[in-house]
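Visitor: Read top to bottom, the protein sequences are chains A and B.
For the first sequence, the numbering used here assigns the number 1 to the initial residue and increments by one for each residue that follows.
For the second sequence, the numbering used here assigns the number 1001 to the initial residue and increments by one for each residue that follows.
For glycine and all other residues, C-beta sits at the position ideal for the given N, C-alpha and C.
Since we're looking at a predicted model, the values are computed, not measured.
Below you'll find the structure I mean.
There are 2 protein chains.
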Amino acid sequence: MEAAKHSPAQFQALLESKGLKYTYERKMIFDEVSHLKEHFDADSLYERFKGKGRRISRDTVYRTLPLLLESHVIQKSAGAGKREFFERIGRKGHHDHMICIKCGKIIEFQCEEIEKLQEKKAQEFGFKLTFHDHRLFGTCKDCQHG
Amino acid sequence: MEAAKHSPAQFQALLESKGLKYTYERKMIFDEVSHLKEHFDADSLYERFKGKGRRISRDTVYRTLPLLLESHVIQKSAGAGKREFFERIGRKGHHDHMICIKCGKIIEFQCEEIEKLQEKKAQEFGFKLTFHDHRLFGTCKDCQHG
DNA sequence: ATCCTATTCAGATTTAATCTTAATAGGATT
DNA sequence: AATCCTATTAAGATTAAATCTGAATAGGAT
Ligand SMILES: [Mn+2]
Ligand SMILES: [Mn+2]
Ligand SMILES: [Zn+2]
Ligand SMILES: [Zn+2]
């Protein structure tokens, strides 16, 4: 049997390490994010709490997302437009994105070697890596016609 | 003797390939960007044209930057706050950035291996790479105290 | 000269994200 | 239990980065 898929352990650990509390609102947000399978932005997440038991303010959502990022519950993602997108780091694990500048299509890719090189480079500078944002822009197969 | 440092050739080539004109404004913007040594954002670039011969509108600046990106005259960069930052790809060549989430310090790094792996990954998907944005977030040496 | 299309201008508009002020929660102290 | 104290949140106002709109301009083609 697997470990619980969406354990708040890492999140709680981060909060504790920062002297922050695992409040009702942070629980709620963690929980909502945990079962999201797709890319999402802060505002759409906020909207999800409307009509649910307790209302959660937009600001609380915006303030909680960086904490979830830092605890590796979510990662930066990619989406249409200028909004910041996120996604849960689920069973498919961490990955990065290619974005077609013509049609907006988003392709996910994984590259363990790049991840390691990143870590190595950070170490060279004495930099402690917490998360990253790696996006490749260009033209997808379908948009290269010819 | 070196080739002209800030030749508009690549930029002009891109414009031509897209059926766009090398207008006075695009010339001016190219020229201004060409001698910028530091990271900059769209609005600060726009401000630079105030008090110079001809006024250039904010919109023209915003519309020209993606063209400069695509022709590899500039690259995405990193800066404080939420603005998009850019910088000329000059003699130090292409590089990426680490950003300290505590003090905001920005460290530049280069990694030829990562660049190659990126290209390889793109090819796997039939994706034609034009530019990328690779930023590492974490804590710099000075901010890890202890 | 007239037409035609791409481009630019100036300023209005949009809206993602942050800020402000007051209310609330919940633990510590008496 | 009542009071105090600090962290946190709510609600809505505000900011400002980027885009949009509609009119003016440039410059090539006919
Ligand atoms: Mn993804
Ligand atoms: Mn740089
Ligand atoms: Zn495409
Ligand atoms: Zn730092």
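Answer yes or no: do A:H134 and B:H1145 have a C-beta to C-beta separation smaller than 9 Å?
Guide: Here residue 134 of chain A refers to the residue found at position 134 when the first sequence is read from its first residue. Here residue 1145 of chain B refers to the residue found at position 145 when the second sequence is read from its first residue. Contact: no.
Visitor: Tell me whether A:R58 sits in a helix, a strand or coil according to DSSP, three-state version.
Guide: Indexing the first sequence from 1 puts residue 58 of chain A at position 58. Looking at A:R58 - three-state DSSP - the assignment turns out to be helix.
Visitor: Please report the Cβ distance between A:S71 and A:L14, rounded to the nearest whole angstrom; I am assuming they are in contact, meaning their Cβ atoms lie under 8 Å.
Guide: Start at 1 with the first residue of the first sequence, and residue 71 of chain A comes out as number 71. Start at 1 with the first residue of the first sequence, and residue 14 of chain A comes out as number 14. Their Cβ separation, rounded to whole angstroms, is 4 Å, which keeps A:S71 and A:L14 in contact under 8 Å.
Visitor: Mark B:Q1123 as exposed unless 16 or more other C-beta atoms lie within 10 angstroms of its C-beta, in which case mark it buried.
Guide: By 1-based counting over the second sequence, the position of residue 1123 of chain B is 123. B:Q1123 should be labelled exposed.
Visitor: For ligand 3, enumerate in chain order all residues having a CB closer than 5 Å to any of its heavy atoms.
Guide: Cβ-based neighbours of ligand 3 within the cut-off: A:C100, A:K102, A:C103, A:K105, A:C140, A:C143.
Visitor: According to DSSP, simplified to helix, strand and coil, what is B:A1003?
Guide: For the purposes of this step, residue 1003 of chain B is taken as the residue at position 3 of the second sequence. Only weak support exists for where B:A1003 lies, its pLDDT of 45 falling under 50; the coordinates are left without a value.
Visitor: So which residues of chain A does B:I1107 contact, with C-beta pairs closer than 7 Å?
Guide: As a position in the second sequence, residue 1107 of chain B is number 107, starting the count at 1. Within chain A, the residues near B:I1107 are F125, F127.
Visitor: So with Cβ pairs under 9 Å, would you call A:C103 a contact of chain B?
Guide: In the first sequence, the residue the question calls residue 103 of chain A occupies position 103. False, the Cβ-Cβ gap to chain B never drops below 9 Å.
Visitor: Where do the N-terminal and C-terminal ends of the alpha helix (DSSP H) with B:Q1010 fall, by residue?
Guide: Mapped onto the second sequence, residue 1010 of chain B falls at position 10. Where B:Q1010 is concerned, the enclosing alpha helix (DSSP H) stretches over 1009 to 1017.
Visitor: Does the segment 1076 to 1088 of chain B come close enough to the segment 1032 to 1049 of chain B to have 3 or more Cβ pairs within less than 8 Å?
Guide: The segment 1076 to 1088 of chain B vs the segment 1032 to 1049 of chain B: in contact.
Visitor: Can you tell me which residues form a DSSP beta bridge with B:M1098?
Guide: To locate residue 1098 of chain B, count along the second sequence from 1; it is residue 98. BP columns for B:M1098 point to B:I1107, B:L1136.
Visitor: Sort out for me which residues DSSP pairs A:I74 with in a bridge.
Guide: Here residue 74 of chain A corresponds to residue number 74 of the first sequence, with the count starting at 1. In DSSP, A:I74 forms a bridge with A:R88.
Visitor: Let me know if A:L68 comes out buried or exposed under the rule of 16 or more other beta-carbons within 10 Å of its beta-carbon.
Guide: Mapped onto the first sequence, residue 68 of chain A falls at position 68. Buried, because 16 or more other Cβ atoms sit within 10 Å of the Cβ of A:L68.
Visitor: For a cutoff of 9 Å on Cβ pairs, would you count B:H1132 as touching chain A?
Guide: Counted from its first residue, the second sequence places residue 1132 of chain B at position 132. Closer than 9 Å to some Cβ of chain A, the Cβ of B:H1132 qualifies, so yes.
Visitor: In or out: B:Q1075 buried (at least 16 other Cβ within 10 Å) or exposed?
Guide: The residue you call residue 1075 of chain B lines up with position 75 of the second sequence. By the neighbour-count rule (16 or more Cβ atoms within 10 Å), B:Q1075 is buried.
Visitor: Regarding A:S77 and ligand 1, is the C-beta to nearest heavy atom distance less than 8 Å?
Guide: In the first sequence, counting from the first residue as 1, residue 77 of chain A sits at position 77. Yes, the Cβ of A:S77 comes within 8 Å of a heavy atom of ligand 1.
Visitor: What does B:A1122 touch in chain A if you count any residue whose Cβ is under 8 Å from its own?
Guide: In the second sequence, counting from the first residue as 1, residue 1122 of chain B sits at position 122. Near B:A1122 (Cβ distances below 8 Å), the residues of chain A are M98, L136, G138.
Visitor: Kindly indicate which three-state DSSP category A:K50 falls into: helix, strand or coil?
Guide: As a first step, residue 50 of chain A is located in the first sequence; it is residue number 50 there, counting from the start. DSSP places A:K50 in coil when its eight states are reduced to three.
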